[in-house]
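Enquirer:
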Amino acid sequence: TSKGDVIWTRFGALKALCWFRGLERFPYDELMCNFKFRSTKFYYERVQYVLENFAFSEQQIGERKYQEFSLIYDRTTATVDKLGFVFKRSSRYYINKIVIPTILFTILSFGVFLLDQRVGERLGFGVSMLLVIVAQAILTSDMLPVTKERLWINTLTQGSQYFSIAAVMESLFVAYLHFAKVDKFENNENESTADDFVENNGERVSFLDESNGQPNSIDDENVTNVSLSEQ
4 TSKGDVIWTR
14 FGALKALCWF
24 RGLERFPYDE
34 LMCNFKFRST
44 KFYYERVQYV
54 LENFAFSEQQ
64 IGERKYQEFS
74 LIYDRTTATV
84 DKLGFVFKRS
94 SRYYINKIVI
104 PTILFTILSF
114 GVFLLDQRVG
124 ERLGFGVSML
134 LVIVAQAILT
144 SDMLPVTKER
154 LWINTLTQGS
164 QYFSIAAVME
174 SLFVAYLHFA
184 KVDKFENNEN
194 ESTADDFVEN
204 NGERVSFLDE
214 SNGQPNSIDD
224 ENVTNVSLSE
234 Q
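Following this note's numbering, the numbering of the sequence shown begins with 4 at its first residue and continues without gaps.
#1: Can you tell me whether Pro-236 is buried or exposed? The criterion is at least 16 other CB atoms within 10 Å of its CB, across all chains shown.
#2: Please state whether the Cβ-Cβ distance between Asn-37 and Gly-87 is less than 8 angstroms.
#3: Closer than 7 angstroms by C-beta to Glu-152: which residues in its own chain qualify, once you throw out the five before and the five after it? Chain order, please.
#4: Run through DSSP, which three-state label would Leu-180 get?
#5: Look at the alpha carbon of Ser-174 and the alpha carbon of Thr-109, and state the distance between them as a whole number of angstroms.
#6: Could you have a look at Glu-27 and say whether DSSP puts it in helix, strand or coil?
#7: Between Ile-106 and Glu-124, what straight-line distance do the alpha-carbon atoms span, to the nearest angstrom?
#8: Going by DSSP, name the residue or residues bridged to Leu-86.
#9: Compute the Euclidean distance between the alpha carbons of Leu-142 and Tyr-179, then round it to the nearest angstrom.
#10: Please check if any C-beta of chain D sits within less than 8 angstroms of the C-beta of Trp-22.
#11: Taking the alpha-carbon positions, what's the Thr-111 to Met-132 distance?
#12: What is the DSSP secondary structure of Glu-33, counted as helix, strand or coil?
#13: So, for Phe-90: in the same chain, excluding its five sequence neighbours on each side, which residues have a beta-carbon less than 6 angstroms away from its beta-carbon?
#14: With distances taken between CB atoms, is the gap from Gln-2 to Pro-104 smaller than 8 angstroms?
#15: Would Ala-170 and Gly-129 qualify as a contact pair, given that the criterion is a beta-carbon distance under 8 angstroms?
#16: Can you tell me the Cα-Cα spacing of Asp-119 and Leu-159, whole angstroms?
#17: Round the Cβ separation of Arg-41 and Asp-84 to the nearest angstrom and send it over; I've been treating them as touching at under 8 angstroms.
#18: CB-CB under 8 angstroms to Val-135, same chain, minus the five flanking residues each way: which ones, in chain order?
#19: Looking at C-alpha atoms only, which residue of Asp-145, Phe-14, Val-137, Val-177 is the closest neighbour of Tyr-97?
#20: For Lys-91, list the residues DSSP reports as bridge partners.
#21: Could you say which of Val-137, Ile-10, Phe-116 lies nearest to Gln-164 if we only look at CA atoms?
Okay, here's the thing in structure tokens:
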């Protein structure tokens with residue numbers, strides 16, 4: 004300018020790689036990123052920054068009121084400008100696509116407890132629901148950010164998988180106990196039937212052989228009749 008002042012204006016876009024905070028509550032998170040702007044060469048101790056005082060005036064002609072005031076900048080030695088950017092995520096999309104289906108599938112997986120153990124579809128139903136939850140987690144993995152923090156939504160999906168696995172394991176354990184008891188009962192019944200069969204067949208027909216005076220026993224009634232006819 005005519006006073007010797009130099010004005011330096013830089014145009015362009017600023018790209019920054021920021022470490023966001025608050026990502027753990029995804030998709031209910033509010034990401035915050037802090038930026039600091041400062042001179043890398045000139046400091047307050049080396050350069051005396053002179054801030055101009057701006058004067059404001061307000062005048063109303065009708066009532067002839069006049070007010071004048073001025074702003075005086077506080078003296079400070081800080082040479083860093085701090086700016087914080089906060090981004091709030093639209094969580095409705097993730098709720099409809101991930102949260103609600105995962106909760107419904109988990110509740111539906113508990114339906115195995117309402118089925119009779121003698122129904123073969125009980126175990127198949129539990130395994131099918133587990134596969135559905137795993138498939139949903141795989142399909143929605145591209146929608147989630149990759150980070151080392153443990154996300155809330157990952158905890159939800161993993162918990163749903165654990166509940167489904169527990170339901171399937173419970174069905175397997177109950178089925179094992181049920182069929183083990185049934186097999187034991189059937190074995191006992193078969194043993195008692197075999198004992199009765201042996202006892203009934205063990206009743207032998209004895210008679211005194213007139214030729215040798217020896218008691219003979221045979222197992223079949225027809226053979227007895229034949230022996231009597233021969234005598």
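The beta carbon of each residue, even a glycine, is placed where N, CA and C say it ideally should be.
Expert: With the given structure in hand:
#1: There is simply no residue 236 to check, as the chain begins at 4 and stops at 234 in what is shown.
#2: At a Cβ-Cβ threshold of 8 angstroms, Asn-37 and Gly-87 count as neighbours.
#3: These residues qualify, in order along the chain: Leu-26, Glu-27.
#4: Of the three classes helix, strand and coil, the one that applies to Leu-180 here is helix, per DSSP.
#5: If I take the Cα positions, the gap works out to 16 angstroms.
#6: In the structure shown, Glu-27 sits in a helix (DSSP, three-state: H, G or I).
#7: Going by the C-alpha atoms only, they are around 22 angstroms apart.
#8: Note: Leu-86 sits in a beta bridge opposite Phe-38.
#9: Computed Cα separation, rounded: 34 angstroms.
#10: Among the chains of the structure shown, chain D does not appear; only one protein chain is present.
#11: For clarity, residue 111 is Leu in the given sequence; the question names Thr instead. Going from the Cα of Leu-111 to the Cα of Met-132 covers about 8 angstroms.
#12: Glu-33 carries a strand assignment under DSSP once its states are collapsed to helix, strand and coil.
#13: Short of 6 angstroms from the beta carbon of Phe-90, and not among the five residues preceding or following it, lie these beta carbons of its own chain, in chain order: Leu-34.
#14: In this structure the chain extends from 4 to 234, so residue 2 is not present and cannot be described.
#15: Yes, they are a contact pair.
#16: As the crow flies, the alpha-carbon of Asp-119 is around 29 angstroms from that of Leu-159.
#17: That pair is a contact at about 7 angstroms.
#18: Excluding positions up to five away in sequence, the list reads Phe-108.
#19: Answer by Cα proximity: Asp-145.
#20: DSSP lists Glu-33 as the beta-bridge partner residues of Lys-91.
#21: Of the listed residues, the one whose Cα sits closest to Gln-164 is Val-137.
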